[in-house]
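Trainee:
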Amino acid sequence: MNISKVPTIHVGIIMDGNGRWATSRGLPRVAGHRKGADALRRTIEVAPRVGIHGITFYAFSSDNWKRPADEVSALMRLFAQYLETQVDECVNEDVRISFIGRRDRLPKTIVAMMQTAEHRTRDGKTLHVRIAIDYSARDALVEAARTAPATATRETIASLMPAPDVDLLIRTGGEQRLSDFLLWECAYAELVFLPVMWPDFQATHLEQAMMVFRSRERRFGNAPAA
Ligand code: FPP
1492 MNISKVPTIH
1502 VGIIMDGNGR
1512 WATSRGLPRV
1522 AGHRKGADAL
1532 RRTIEVAPRV
1542 GIHGITFYAF
1552 SSDNWKRPAD
1562 EVSALMRLFA
1572 QYLETQVDEC
1582 VNEDVRISFI
1592 GRRDRLPKTI
1602 VAMMQTAEHR
1612 TRDGKTLHVR
1622 IAIDYSARDA
1632 LVEAARTAPA
1642 TATRETIASL
1652 MPAPDVDLLI
1662 RTGGEQRLSD
1672 FLLWECAYAE
1682 LVFLPVMWPD
1692 FQATHLEQAM
1702 MVFRSRERRF
1712 GNAPAA
């Protein structure tokens, strides 16, 4: 096969279930988020091996600011810790990291770490990891509508979106909804909802979701193949 024809696969992941994982064990919710960060690390490691080229993780939605202040600050500390410890690893593994979402409401120290991570990993070719923080798909659409000329086409709007089209959307935690994540980009995504809580997410779950994805016929509105 001509290598330039190999389709690139972009996966979106809604990492749900950290809180329930923790409370079912009598632990504070933040313990679930900490384990969730380990699951994130594992997933980034395994993604290129299962044929994924880009992956966007929903780490903090713009609606998550409504959570109790101590949970929000624990999450911010966790993001900072993650960036502190994982960027070298990403550079070594040829992984690019970038962030989508608003930055003006985040602690300045974290924004600076995000910029450093983006700069240091900018040449990564093996996998492009996008992390959505203070992200809202509706806000991204509003922003695109404000920026686009009246003559904008689908392509114009797509070029203003922060992520490419999603091929496979995985949500853990058993809920079956999109929760304001990549609404434009998921127009033709295959949706896979898994009952596993995010901290328990393993390579086998990603492999399983990729198998389901590969078994589906993607028609993009076309008639089934004869
Ligand atoms: C949803 O589970 C999860 C979040 C809102 C936070 C996701 C954050 C992480 C996985 C931590 C690591 C992230 C980075 C970028 C280092 P929930 O708390 O809504 O779970 P619940 O539905 O069981 O309450």
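In terms of my numbering, the sequence shown opens at residue 1492 and continues consecutively.
Note that beta-carbon positions come from the ideal geometry of N, C-alpha and C, so glycine has one too.
Let's see if you can read the secondary structure: which residues bound the beta strand (DSSP E) around D1625?
Mentor: Note, D1625: beta strand (DSSP E), L1618 to Y1626.
Trainee: Does I1505 come out as helix, strand or coil in the three-state DSSP assignment?
Mentor: strand
Trainee: If you follow the alpha helix (DSSP H) that I1648 is part of, which residue opens it and which one closes it?
Mentor: R1645 to L1651
Trainee: If you count every other CB in all the chains shown that lies within 10 Å of the CB of D1658, and 16 or more means buried, which is it?
Mentor: Buried, by the Cβ-count rule.
Trainee: Please indicate yes or no: does the CB of R1520 lie closer than 7 Å to some heavy atom of the ligand FPP?
Mentor: yes
Trainee: Just list the residues that DSSP pairs Y1549 with in beta bridges.
Mentor: I1505 and A1623
Trainee: For the ligand FPP, I want to know if L1685 counts as a neighbour, meaning its beta carbon is within less than 7 Å of at least one of the ligand's heavy atoms.
Mentor: For the ligand FPP, not one heavy atom lies less than 7 Å from the Cβ of L1685.
Trainee: Please say whether R1587 and R1613 have beta carbons closer to each other than 8 Å?
Mentor: yes
Trainee: How close, in whole Å, do the beta carbons of Q1667 and F1684 come, if the pair is a contact with beta carbons under 8 Å?
Mentor: Confirmed, Cβ separation roughly 5 Å.
Trainee: I need the DSSP call for I1500, collapsed to helix, strand or coil.
Mentor: coil
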